[in-house]
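Numbering (full-length UniProt numbering) for the sequence shown: 1 to 160. Here is the structure we will look at.
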Amino acid sequence: MSEQTESAAPGSGGRPGEAPGAAGEPGESGEAGGPGGRARRTRPGPLWFAVLGGVIAWSLHVVFAWSLVELTCVEGGGLIGGTPVVVFVAVATGLPALVAVAALVADLLLWRRDPPEPPGRKSDRVRFMLQIGFWLDVFSVLMILMGGLAVVMLPSCVQT
1 MSEQTESAAP GSGGRPGEAP GAAGEPGESG EAGGPGGRAR RTRPGPLWFA
51 VLGGVIAWSL HVVFAWSLVE LTCVEGGGLI GGTPVVVFVA VATGLPALVA
101 VAALVADLLL WRRDPPEPPG RKSDRVRFML QIGFWLDVFS VLMILMGGLA
151 VVMLPSCVQT
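Okay, here's the thing in structure tokens:
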């Protein structure tokens, strides 16, 4: 093999072993995901949001929505500062539901990327995380919606 195939050509700006032109400006054929280009790296921020965003949103929903119900029991009645508790519950359900749906969409977008990583252990790990994240996000969206329905439909301050 020649010296040029083993290392980057002088002045090409590429790394050793990289095809000439693969380290070009965005929009060129060597761009990640472009024709003849390298596979794109999955950034950790969107990946972790896709995996944990729904679960964190569900946790916040549980804390805030059910706290509102308990607050109405302490004050007595269905009002918080003159506003019906249903309004606060809708906000405490709607915002976390939007975050959980956004995490689900981010997961699906990362999953559909073709290919998400170069083949290997990291690619397998990313795929596994996205599969787990998908089901966690679906579960979180359902639990947030069911929790919101329970807060609205079940009578508050019932003592047994």
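Ideal Cβ positions, reconstructed from N, Cα and C, are used throughout, including at glycine.
Close Cβ partners of residue i (< 8 Å) along its chain, the five nearest in sequence each way excluded
| i | result |
| --- | --- |
| Ala97 | Ala57, His61, Val141, Ile144, Leu145 and Gly148 |
| Ala106 | Pro46, Phe49, Ala50 and Gly53 |
Secondary structure of residue i, DSSP reduced to three states
| i | result |
| --- | --- |
| Leu145 | helix |
| Ser140 | helix |
Cβ-Cβ distance between residue i and residue j below 7 Å
| i | j | result |
| --- | --- | --- |
| Gly54 | Asp137 | yes |
| Phe134 | Ala92 | no |
| Val151 | Val101 | no |
Burial state of residue i (16 or more Cβ within 10 Å)
| i | result |
| --- | --- |
| Leu110 | buried |
| Leu47 | buried |
| Leu71 | exposed |
| Leu79 | exposed |
| Leu68 | buried |
| Leu154 | exposed |
| Gly36 | Confidence at Gly36 is low in this model, with a pLDDT of 48, below 50, so its placement is unreliable and the value that follows should be read with caution. Burial call: exposed. |
Bounding residues of the alpha helix (DSSP H) (the contiguous stretch that carries residue i)
| i | result |
| --- | --- |
| Leu154 | Run containing Leu154: none; DSSP gives neither H nor E here. |
| Arg112 | Val85 to Arg112 |
Proximal residues to residue i (C-beta, below 7 Å), its chain only, five neighbours per side dropped
| i | result |
| --- | --- |
| Leu130 | Ala50, Asp107, Leu110 and Trp111 |
| Gly120 | none |
| Arg43 | none |
| Ile132 | Val51 |
Cβ shell of residue i (< 6 Å), same chain only, five flanking positions each side left out
| i | result |
| --- | --- |
| Leu95 | none |
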